[in-house]
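Q:
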Amino acid sequence: MHPDSELLAGLAKANQLQQLWLQSCETCVTHGCTGSDMLKTIHARMAAIGWVAGDELCGKGGKPQCDGAIFSHPIGDFMHSAGPYIKDGGPDGLPYSDCAR
Numbered sequence: 009m010h011p012d013s014e015l016l017a018g019l020a021k022a023n024q025l026q027q028l029w030l031q032s033c034e035t036c037v038t039h040g041c042t043g044s045d046m047l048k049t050i051h052a053r054m055a056a057i058g059w060v061a062g063d064e065l066c067g068k069g070g071k072p073q074c075d076g077a078i079f080s081h082p083i084g085d086f087m088h089s090a091g092p093y094i095k096d097g098g099p100d101g102l103p104y105s106d107c108a109r
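Position in the sequence shown (first residue = 1) + 8 = the working numbering.
#1: Which residue spans inside the stretch 40-73 form an unbroken alpha helix (DSSP H) run of at least 4?
#2: Which residues does DSSP list as the beta-bridge partners of Gly-76?
#3: Ile-50 and Leu-28 look like a contact to me (Cβ under 8 Å); what is the Cβ gap, rounded to whole Å?
#4: Distance check for Asn-23 and Ala-56, CA to CA, integer angstroms please.
#5: Alpha carbon to alpha carbon, what distance is there between Phe-79 and Ala-52?
#6: For Pro-11 and Gly-18, I'd like the C-alpha separation in whole angstroms.
#7: Assuming Ile-75 contacts Val-60 (C-beta within less than 8 Å), just tell me the rounded distance between them.
#8: For Gly-62, count neighbouring C-beta atoms within 10 Å of its own C-beta (all shown protein chains included) and say buried if the count is 16 or more, exposed if not.
#9: Buried or exposed: Met-54, going by 16 or more other Cβ atoms within 10 Å of its Cβ?
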């Protein structure tokens, strides 16, 4: 039995986004940059291949479907989990995942 084509396509896309992240990381290590600069580099690489960078509202509320999003991975008191998406914050500069809706 072979995996579904959608699963294989999703895995290929995830691997490509990881490669874009690693290339951006290498650029930042070599030339120096802030976290915001690295995120801009990742988004520029995504745009160069025709991808839409997204956030936690990707494909909802009239926002376009995205091809990938970058989020933090905090380790805290309650084990670890996916954290807020890295981009401009919500009200008062808080990450969107920390804002009451």
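All C-beta atoms in this analysis are idealised placements derived from N, C-alpha and C, irrespective of residue type, glycine included.
The structure displayed is predicted, hence computed values, not measured ones.
A: The relevant details are as follows:
#1: 43-56
#2: Ala-61
#3: 6 Å
#4: 17 Å
#5: 16 Å
#6: 11 Å
#7: The displayed chain sequence assigns Asp, not Ile, to residue 75. With 8 Å as the limit, Asp-75 and Val-60 qualify as a contact, their Cβ atoms being about 5 Å apart.
#8: buried
#9: buried
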